[in-house]
Every structure is written in C-alpha cells, then in structure tokens.
Amino acid sequence: MTSPNHNARRLGQPDMVVIHYTGMKTAAAARARLCDPGAEVSAHWLIDLDGGSEALVPEDRRAWHAGVSSWEGESDVNSRSIGIELVNPGVEHGYHPFPEPQMAALERLLAGIMARWSIEPRNVVGHEDVAPGRKIDPGEKFDWARLARRGLSARTGVRV
Numbered sequence: 001m002t003s004p005n006h007n008a009r010r011l012g013q014p015d016m017v018v019i020h021y022t023g024m025k026t027a028a029a030a031r032a033r034l035c036d037p038g039a040e041v042s043a044h045w046l047i048d049l050d051g052g053s054e055a056l057v058p059e060d061r062r063a064w065h066a067g068v069s070s071w072e073g074e075s076d077v078n079s080r081s082i083g084i085e086l087v088n089p090g091v092e093h094g095y096h097p098f099p100e101p102q103m104a105a106l107e108r109l110l111a112g113i114m115a116r117w118s119i120e121p122r123n124v125v126g127h128e129d130v131a132p133g134r135k136i137d138p139g140e141k142f143d144w145a146r147l148a149r150r151g152l153s154a155r156t157g158v159r160v
C-alpha cells in the first residue's frame with residue numbers, strides 16, 4: 001500500500017532522516033492512518049516489529065511526517081528528510097523497547113538511505129529532536145547508542 005499524502009520536495013534532495021514511533025496499537029492501524037488521505041500524514045517507510053519494511057512514499061518525494069519542526073535553522077524538515085516510522089504503541093498504549101528484528105531492519109534500511117542520499121550520521125535524528133516539547137518519539141527506549149556504534153547516527157543517548 002502506498003500513501004497519497006506527499007508532494008514535491010521544496011529544498012532539493014534529502015539530507016536527513018527522522019525516526020518516529022507510530023504511537024498506535026498495531027502496524028495495520030498505523031498503515032491505515034499513514035495512507036488515509038484525510039489524515040494528511042505519511043512517512044517514507046514503515047518498519048514492523050518483525051522487521052518487515054514497507055515503502056509508503058517514494059524517497060524523492062516530500063512525505064508529511066515531521067509537522068511543525070526545525071533542524072539547523074530550516075523549518076521545512078519534511079522537504080529535507082526521509083521519515084521512518086517504527087511500529088511501537090508509544091507511551092499512550094504500552095511503550096516497549098524496540099525488538100531486535102525491527103532494529104536490524106532499521107540498520108539495513110538506514111545504511112541504504114544514507115548511501116543513496118549521502119546523509120551524514122549527525123543528520124539521523126528523532127522526531128523529538130526536530131519538534132522538542134511537542135514530540136517525544138522515538139523516546140527513551142530507542143537504542144541510539146546501537147546506531148551510533150554502527151556509524152548510522154551521531155546520537156548516543158536520550159535527549160534531556
């Protein structure tokens with residue numbers, strides 16, 4: 001299934017990745033929302049708990065995942081980023097650590113995205129980084145140190 005919720009990038013090719021959790025009880029519920037034209041929200045990728053990865057928006061298009069946000073002085077984060085949603089119920093529905101198959105799939109996907117678009121590890125961030133005070137995902141149970149050890153992010157821990 002692909003999402004209709006995207007448009008043309010306004011700032012050229014992507015130079016960052018924003019990682020989210022879905023905050024929904026199931027992958028099916030998250031997919032339905034990300035693909036609902038009325039929701040006006042989307043992401044480029046959805047990764048399920050078992051590591052299954054699904055492309056929802058072509059990477060060369062602007063998905064609508066970051067909302068009101070900014071990074072390095074740029075407020076149109078959607079135009080400069082690729083959004084990855086990790087299935088996780090979040091704090092409202094039983095937040096839990098991200099399972100091994102999901103993290104392994106994320107690592108594979110991130111390595112490919114970073115190579116395709118020449119994205120630096122310092123620009124692999126969480127939704128909480130681009131929308132502080134408004135968003136808290138992927139949150140304290142996300143293993144940033146694991147990604148940093150593999151050169152896939154410069155973050156090593158929870159933001160305070």
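Under the UniProt record's numbering, the first residue of the sequence shown carries the number 1, and numbering increases by one thereafter.
We put the beta carbon where it would ideally sit given N, CA and C, even for glycine.
All of these numbers come straight from a predicted model, not from anything done at the bench.
In this structure His96 is exposed. Its beta-carbon is surrounded by fewer than 16 other beta-carbon atoms within 10 angstroms. In the DSSP assignment, Ala63 forms a beta bridge with His6. No residue range can be given for Leu152, since it is assigned to no alpha helix (DSSP H) and is classified by DSSP as neither H nor E. Listed in chain order, the non-local C-beta contacts of Ala115 below 7 Å within the same chain number zero, local neighbours out to five positions each way being set aside. Every alpha helix (DSSP H) stretch that sits fully inside the region 26 to 59 and reaches 4 residues is listed by chain position as 27 to 34. Within the same chain, Cβ atoms closer than 7 Å to the Cβ of Gly83 are found at Val18, His20, Ala43, His44, Ala63, His65, Ala66, the five residues on either side in sequence being excluded. Under a 10 Å Cβ-count criterion, Gly90 is classified as buried, with 16 or more other Cβ atoms of the shown protein chains found around its own Cβ. Excluding the 5 residues flanking it on each side, Ala154 has same chain C-beta neighbours closer than 7 Å at Pro121, Arg122, Ala148, in chain order. Classified as exposed, Asp50 has fewer than 16 neighbouring CB atoms from the shown chains inside 10 Å of its CB. Excluding the 5 residues flanking it on each side, Ala104 has same chain C-beta neighbours closer than 7 Å at Gly51, in chain order. If you draw a straight line from the Cα of Glu54 to the Cα of Gly73, it comes to about 31 Å. Contact check for Ile47 and Leu110: beta-carbon distance about 10 Å, past the 8 Å limit, so the pair fails to qualify.
Only residues of its own chain outside the window of five on either side were considered, and among them Arg62, Ala63, Trp64, His65, Ala66 have a CB closer than 7 Å to the CB of Asn78, listed in chain order.
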